[in-house]
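*Asks:*
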Amino acid sequence: MSARRRRVRQPTPELRCVCGHQVRRYWRHCPNCARALRWGDVHDVTGAECFNCGWIVSDRFSWCPWCAADIYEEGISSEQPLKAPKGFRMDARCDWGCGGGVQYPMSDCPWCGRWQSCNEDERFEGTAPAAAAGWTTG
Ligand SMILES: [Zn+2]
Ligand SMILES: [Zn+2]
Ligand SMILES: [Zn+2]
20 MSARRRRVRQ
30 PTPELRCVCG
40 HQVRRYWRHC
50 PNCARALRWG
60 DVHDVTGAEC
70 FNCGWIVSDR
80 FSWCPWCAAD
90 IYEEGISSEQ
100 PLKAPKGFRM
110 DARCDWGCGG
120 GVQYPMSDCP
130 WCGRWQSCNE
140 DERFEGTAPA
150 AAAGWTTG
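The sequence shown begins at 20 in the numbering used here and counts up one residue at a time.
1. Considering only DSSP beta bridges, list what Ile75 is partnered with.
2. Let me know the secondary structure DSSP gives Arg112 once reduced to three states.
3. Between Ser97, Glu93, Cys86, which lies nearest to Phe80 when the distance is taken from Cα to Cα?
4. By the 10 Å Cβ neighbour count, where 16 or more other Cβ atoms means buried, how is Phe70 classified, buried or exposed?
5. Could you check if Arg47 is buried or exposed, using at least 16 other CB atoms within 10 Å of its CB as the buried criterion?
6. When you compare only the Cα positions, how much space is there between Pro30 and Glu68?
7. Would you kindly work out how many angstroms separate the C-alpha atoms of Ala149 and Trp58, rounded to a whole number?
8. Whose C-alpha, out of Cys52, Leu56, Cys38, is nearest the C-alpha of Tyr45?
9. What residue from Cys36, Gly132, Ser136 has the CA that sits closest to Ala88's CA?
10. Do you know how far the Cα of Val37 is from the Cα of Asp127?
11. Compute the minimum distance between the beta carbon of Gly119 and the heavy atoms of ligand 3, and state whether it is under 7 Å.
12. Tell me which same chain residues have a C-beta within less than 6 Å of the C-beta of Asn51, skipping the five on either side of it?
13. Find the nearest neighbour of Glu92 within the set Trp82, Cys86, Leu101, Pro100, judged by alpha-carbon distance.
Here it is, written out as structure tokens:
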């Protein structure tokens, strides 16, 4: 028992895998059936999805934070790292000090494209046992 209560982010009811298991936003796999999940821009928040993985991105990003694809577009992507472009929030600063914001559980910085180490817990939770045993995407 602790006097300090941590806010636990609960999955909202609409976030379910096709198998019916509740999932959290940006989990890569369903922990129940190991199906690969795709988080596209279904609500038309940013108007942009990664050409490679199909996940929601900001058109301000230079790199896809989910699959590390180069999504830089001249004149559209931000020249300067931003903290939280529309549709995203800043949970932490980039590990590498580029000055940009990173939202959990992004695996790569959307601004400098470098690997982020600060979200191991989220990453672990979102990984199905089958995935840990060598299950591959695509
Ligand atoms: Zn499932
Ligand atoms: Zn991608
Ligand atoms: Zn960075």
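Glycine included, every Cβ here is placed at the ideal spot set by N, Cα and C.
Computed from a predicted structure; not experimentally measured.
*Replies:* Reading from the atomic positions:
1. Glu68
2. strand
3. Ser97
4. exposed
5. buried
6. Low local confidence applies: a pLDDT of 48 at Pro30 is under 50, so the model's placement there is unreliable, with the coordinate-based value given in what follows. In a straight line, the C-alpha of Pro30 is about 23 Å away from that of Glu68.
7. Because the pLDDT of Ala149 is 44, which lies under 50, any placement of that residue in the model is unreliable, and the question is left without a value.
8. Leu56
9. Gly132
10. 27 Å
11. yes
12. Cys38, His40
13. Trp82
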